[in-house]
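Input: a single structure, listed below in structure tokens.
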Amino acid sequence: MAAELAMAAILVVAASALLVGLTLRIVLYARTPAPLPLATTPAPTGRVGAALRVGREIVLFPSLWGADKPLWLAAMLFHLGLALVLARHLRYVIEIPPAWVVALQGPGQLGGILMMAGLVLLGLRRTLIRRVRKISRPTDYGWLLLLLLIGGSGLAMTYRWHTDIIGLKAFLAGLWRLDLVPLPGDPALIAHMVLAAALIALLPVSKLLHGFALVFSPSRASPDSTRLGERRHG
């Protein structure tokens with residue numbers, strides 16, 4: 001059970017780091033003052049409209065569409081694919097998956113391909129476009145490589161090296177009950193889980209967490225009001 005204990009420790013540490021990191025990041029964002037109205041116009045005049053604006057920005061990236069359409073395409077492919085992949089993975093942590101999770105198993109496989117296509121386009125953009133390459137840091141390529149390895153190992157298990165899904169699900173269910181059960185020892189699965197755990201643990205300190213920042217962005221989340229001294233979180 002040494003391998004199972006090690007994997008359980010890795011997953012628990014990663015989940016704890018994510019929870020603590022997200023909490024600290026949200027508290028930091030919430031406490032950052034915004035003394036003046038900074039809404040980017042045209043903007044809605046009410047808080048409900050501002051919230052809907054943020055939601056539209058998170059889902060559809062309209063600002064990115066207006067600024068850089070090739071980047072919008074790459075980002076949309078990645079985020080759409082990631083959403084489908086995450087939905088597909090719910091079957092591993094839910095004992096009896098609901099019908100909509102079952103229905104998304106096929107689209108979830110396509111999501112893995114879309115996700116990888118988006119990552120490849122983002123990587124090519126950083127490599128081939130001079131102005132983007134000039135401002136790119138090694139960590140930017142590191143995050144892309146990590147995501148590519150996670151996606152690649154996932155696709156490898158889907159189409160080439162199939163793993164014991166029942167055994168994996170039993171292992172994950174055992175973690176909730178504090179009861180370790182054997183974990184399938186497939187190299188692709190172990191690599192996939194370790195890489196995913198690394199991403200989860202490091203996510204709160206990475207630029208990949210831009211979605212949370214957008215929720216607290218004064219230029220997007222604030223209604224169009226000129227009343228000085230209005231508090232953003234009133």
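The numbering of the sequence shown is full-length UniProt numbering, which starts it at 1 and goes up by one. We put the beta carbon where it would ideally sit given N, CA and C, even for glycine.
Among residues of its own chain, excluding the 5 on either side of HIS233, which ones have a beta-carbon nearer than 8 Å to its beta-carbon?
-> In this predicted model, HIS233 has a pLDDT of only 45, less than 50, meaning its place in the structure is not dependable; the value taken from the coordinates is given anyway. Once the five neighbours on either side are set aside, the close Cβ partners of HIS233 are ALA30.
In three-state DSSP terms, what is LEU178?
-> coil
Would you grab the beta carbon distance between GLY167 and LEU180 for me? Rounded to a whole angstrom, and I think it's under 8 Å.
-> Their Cβ separation, rounded to whole angstroms, is 13 Å, which puts GLY167 and LEU180 out of contact at 8 Å.
Taking DSSP as the reference, what is the three-state secondary structure of MET1?
-> coil
When the Cα atoms are used, what is the spatial distance from ILE10 to ASP186?
-> 17 Å
Around the C-beta of LEU145, are 16 or more other C-beta atoms found within 10 angstroms, so that it is buried, or is it exposed?
-> exposed
With distances taken Cα to Cα, identify the nearest neighbour of TYR159 among ALA6, LEU28, GLY106, LYS207.
-> GLY106
Outcome for HIS192 when other beta-carbon atoms lying within 10 angstroms are tallied against a minimum of 16 = buried
DSSP three-state call for PRO107: helix, strand or coil?
-> helix
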